[in-house]
Structure formats: structure tokens, C-alpha cells
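Participant: Heads up: the sequence shown begins at 15 in our numbering, then just goes up one per residue. Cβ coordinates follow ideal geometry from the N, Cα and C atoms, glycine included. Keep in mind that this is a model prediction, so the values were computed, not measured. Submitted below is the structure of interest, expressed as C-alpha cells.
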Amino acid sequence: MLSHIKLAALRMLKGAGIFELVADSRWRQQRLLILCYHGTSLADEHLWRPGLYMDPTTFGQRLEILKRGRYPVLPLVEGLQRLQHGTLPSRSVVITFDDGTYDFYKQAFPRLKSYGFPVTVYQTTYYTDFERPVFNLIASYMLWKRRGTVIQDGSEVGLTEPLDLRTEAGRHRVVRSLMDRAERENLSGKRKDELALRLGRFLRVDYESIVAMRMFQLMNARELQEVVRDEVDIQLHTHRHRTPENEELFRREIRDNRQRLGALVASAPQHFCYPGGVYKPQFLRWLRQEQVVYASTCDAGLVTCRTEPLLMPRFIDNENRTALAFESWLSGVGDLLAFRSAASQKYIPHDRDN
Ligand SMILES: [Zn+2]
């Protein structure tokens, strides 16, 4: 979160008309802002993880700011082409969503559609086929539901240490133990889902109703096909939401993801987004070999024609951002002042695998 001083500085700059000046400058016209979103809450997810989930009302307010501020929202491919050709309109913005969650289908997309804004979804596919909640997210959420407590005996769910749910670090340790166990025992998606059900009963959290609400689930095949018919652009995000450091495994993630998307929505995506924003230098070579032409990171910044196409920065918008900080990035002032520390992606789990 921006400090009070930074917010006061932004308020002053906006009041003095600097936002408008920068937004209409030649400097901003030569730059493309790619916005990044993850989830919009079906219940209270934004209270659990405000860096990842946004209240749908807040998201709606963002769209209104875009409209009122006359920010042209372009399709990703068009935005990048026009950036290269030097024909971007002033104040250009692109909207992207990571993961392709059910709440995108249910809440974000209808709002985007009502404004006529195009959107790109970086779709991970394992949980598109396996229509259950993403394990580490639902485990973390259910533990958060019991925050403030310490449970001494966790043997019912295979844990040897007490569960200290009073702090985020304590809850994270429990999730880590559960994930390590799942990995050690090579649990399938189905077995992990059974473990999540057991964890729910153990914590006295109503797992079935969370499942029924489709929290922490991705769009299924039918929903994905429906949004594609409505011109949503679907791009790559790995099949299992991970980027192995082994070349063969890494490239298999791209190929499996592309193959599933090809079968579901008959496209051959060439754009990619690094899961959790994590990238290593060798990934660029592997992506090129898989015919990926552009890739988005979670680093904060505007894209210029000199940006490495496989390392495009974005602005991560979430519930922690104020409308003022959001507007500062739309105008370009946020980038100029480089309040980049606020864009840390440490809160995004890296291993949303099967
Ligand atoms: Zn992701």
C-alpha cells in the first residue's frame, strides 16, 4: 500500500492537473499500459487475500474510471501491433486476467462486456478439465476462516505439528506442510480434493458449499467456449500453473496448455504469462522455441517499443490499490514516480499444480 505521503503527493499532482498533462503527453502515447487482474470475490476472498482478489464493486469502479477518463481499451494483440507501428492512441490501456477463474466468467466478464471493453485471459488448463477448487487456495482460505485459533492435534489431516492459525505465516506453514505431503505421496488431483474435504470437516468449514459456489475454480470447457464466442482472447499460462526449471518439463507445460486450449477453443495462442510472475533467463529461449512471441510478467511498468517482448511489465491492480494509485498508473504518473515496490507479487502462490 502507498504511504500517506505518497498518496498526498499523488493527490496534489492530480489536483494540479499533472495527471491530465502526462496522460495526454507524447511520452504516454508511446507507451502501452497492460492491466493485470486475478479474481473477483464470489464471497469474501478479497478479505482473505486482497492482493489476489478484488471486490466486484471495486472492479466495476475501475471500469467506470477508464470510461470517464477516456482511456481507449484495446485488444492485447492490436495494442502491441500499434505500439510497434507508432500508431497507439493517447492513453492506451489493455486489460488482462490471469488464470481464467469461474468468477471471471460470472462477474468480471459481464461487467467488461457492458462497457464494451476487450479482454485477454491467460488460461491455465489443468483445473479447467478437473472441475474442483484449486487445492492450495482452498486449503489456505479454509485455514483463514479459522484464523485466531491454535489447533494442537492435526493428525486427522496427517499433520504432525500444531496448527497455529493466528498469523498469515502460521497458516502458510500449514498449507506448505499439506502441499509437501501431497507432493511426497504424489497425490492425484482427486486425492488432493479428498484431502481438502477432510480438512474442511476437521476445521468445521463447509467445504461442500464452497464447492457449490465454485470458489477457487476455473472456467470449465463450456464456460470457456462461451466467453470465446463473446470475443474473449485466450492465451497461454501453462497447463499446471508452474514453470519447471527443467527444459523438457517447461516446454511440456506450454505444449499441454496450448493443446488443451486448441481442443477447447480452436486457437493456437502465441502469447504467454508467467505463472506467479516468476521468470528465469533461460525461459525466454524455451518460449521462443515454442513459438511464443510475447510474454507478460508481474513487474510494474509501461510497455514501450524497446521492451523485450518476452518480458512485458504490467500494472497489477487489486483490492489493496486506491482509485488514486490506479489513476496515477493510467495517466503514466505512477510509472514516472516508479512506485514499483507496491507491485510485489510475493503473495501469489507459485505452485498451483495438480
Ligand atoms: Zn496465474
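Is the beta carbon of Met233 less than 9 Å from the beta carbon of Thr115?
Facilitator: Going by C-beta atoms, Met233 is nearer than 9 Å to Thr115.
Participant: Kindly identify the DSSP beta-bridge partner or partners of Gly53.
Facilitator: Note: Gly53 sits in a beta bridge opposite Tyr67.
Participant: Which of the three DSSP states, helix, strand or coil, is assigned to Ser223?
Facilitator: In the structure shown, Ser223 sits in a helix (DSSP, three-state: H, G or I).
Participant: If you compare alpha carbons, which of Phe297, Leu344 and Leu151 is closest to Val225?
Facilitator: Looking at the Cα atoms, Leu151 is the closest of the given residues.
Participant: Express the C-alpha separation of Arg335 and Leu21 in angstroms, rounding to a whole number.
Facilitator: Looking at the two C-alpha atoms, the distance is approximately 11 Å.
Participant: For ligand 1, is there a heavy atom less than 8 Å away from the beta-carbon of Tyr136?
Facilitator: Yes - ligand 1 has a heavy atom lying nearer than 8 Å to the Cβ of Tyr136.
Participant: At a cut-off of 8 Å, would you count Pro289 as near ligand 1, judging by its Cβ distance to the nearest heavy atom?
Facilitator: Indeed, a heavy atom of ligand 1 lies less than 8 Å from the Cβ.
Participant: Where in the segment 264-328 do unbroken runs of the alpha helix (DSSP H), each at least 4 residues long, occur, reported from the N-terminal end onward?
Facilitator: Whole alpha helix (DSSP H) segments, 4+ residues: 295-303.
Participant: Answer with buried or exposed for Ser104, where buried requires no fewer than 16 other C-beta atoms within 10 angstroms of its C-beta.
Facilitator: Looking at its Cβ environment, which holds fewer than 16 other Cβ atoms inside 10 Å, Ser104 is exposed.
Participant: Which runs of the beta strand (DSSP E) spanning at least 3 residues fall entirely within the segment 130-201, listed in chain order?
Facilitator: Listed in chain order, they are 134-137.
Participant: Output needed for Arg180: all residues of its chain with C-beta closer than 8 Å, excluding positions within five of it in sequence on either side, in chain order.
Facilitator: Excluding sequence neighbours, Arg180 sits near Arg161, Gly162, Thr163 and Val164.
Participant: Can the beta-carbon of Glu237 be found closer than 9 Å to that of Tyr141?
Facilitator: No, they are not a contact pair.
Participant: Could you say which of Gln284, Phe144, Val292 and Phe286 lies nearest to Arg228 if we only look at CA atoms?
Facilitator: Nearest option by C-alpha distance: Phe144.
Participant: For Gln305, tell me which candidate among Leu250, Asn332 and Ala280 has the shortest Cα-Cα distance.
Facilitator: Checked all of Leu250, Asn332 and Ala280; the closest Cα to Gln305 is Leu250.
Participant: How about His251: is its Cβ closer than 8 Å to a heavy atom in ligand 1?
Facilitator: Result yes, Cβ under 8 Å from ligand 1.
Participant: Identify which residue in Val135, Phe131 and Asp69 has its Cα closest to the Cα of Cys50.
Facilitator: When each option's Cα is compared against that of Cys50, the closest is Val135.
Participant: Could you check how far apart the C-beta atoms of Tyr129 and Lys81 are, in whole angstroms? I think they sit under 8 Å.
Facilitator: Contact holds; Cβ gap of about 6 Å.
Participant: Near Tyr67, which residues of its chain fall below 6 Å by C-beta distance, leaving aside the five closest residues on each side in sequence?
Facilitator: The residues are Gly53, Ser55, Glu59 and His60.
Participant: Could you check if Thr138 is buried or exposed, using at least 16 other CB atoms within 10 Å of its CB as the buried criterion?
Facilitator: Label assigned to Thr138: buried.
Participant: Taking 8 Å as the cut-off, is the CB of Asp313 close to at least one heavy atom of ligand 1?
Facilitator: No, ligand 1 has no heavy atom inside 8 Å of this Cβ.
Participant: How far does the alpha helix (DSSP H) with Leu46 in it reach, from first residue to last?
Facilitator: That residue, Leu46, is in no alpha helix (DSSP H); it is neither H nor E in DSSP.
Participant: Going along the chain, which residues of its own chain have a beta-carbon closer than 7 Å to the beta-carbon of Phe340, five neighbours each way excluded?
Facilitator: Counting only Cβ-Cβ distances below 7 Å, and skipping sequence neighbours, we find Arg76, Ile79 and Asp331.
Participant: In whole angstroms, what separates the C-alpha of Gln121 from that of Phe73?
Facilitator: Between Gln121 and Phe73, the C-alpha separation is close to 10 Å.
Participant: Looking at Val107: is its Cβ nearer than 9 Å to the Cβ of Leu157?
Facilitator: Cβ distance not < 9 Å, so Val107 and Leu157 don't count as in contact.
Participant: Looking only at its own chain, which residues have a Cβ that is under 8 Å from the Cβ of Glu333, when we skip the five neighbours before and after it?
Facilitator: Excluding positions up to five away in sequence, the list reads His60, Pro64, Gly65, Tyr67, Met68, Asp69 and Thr72.
Participant: Looking at His285 and ligand 1, is the gap between the Cβ and the nearest heavy atom below 8 Å?
Facilitator: No, ligand 1 has no heavy atom inside 8 Å of this Cβ.
Participant: Where Ser223 and Tyr155 are concerned, what is the direct C-alpha to C-alpha distance, given to the nearest angstrom?
Facilitator: Cα-Cα distance, rounded: 13 Å.
Participant: Once DSSP output is grouped into helix, strand and coil, what is the label at Val241?
Facilitator: It is helical.
Participant: Determine the extent of the alpha helix (DSSP H) in which Asp207 is found, giving its start and end residues.
Facilitator: Residues Gly203 to Leu217.
Participant: Assuming the contact rule is C-beta atoms closer than 8 Å, Glu245 and Pro132 should be a hit. Round their C-beta distance to whole Å, please.
Facilitator: Sure, about 7 Å apart at Cβ, within 8 Å.
Participant: Pick helix, strand or coil for Asp367, following the three-state DSSP scheme.
Facilitator: With a pLDDT of only 36 at Asp367, under the threshold of 50, the placement of this residue in the model should not be trusted; the figure read from the coordinates follows. Looking at Asp367 - three-state DSSP - the assignment turns out to be coil, as it is neither helix nor strand.
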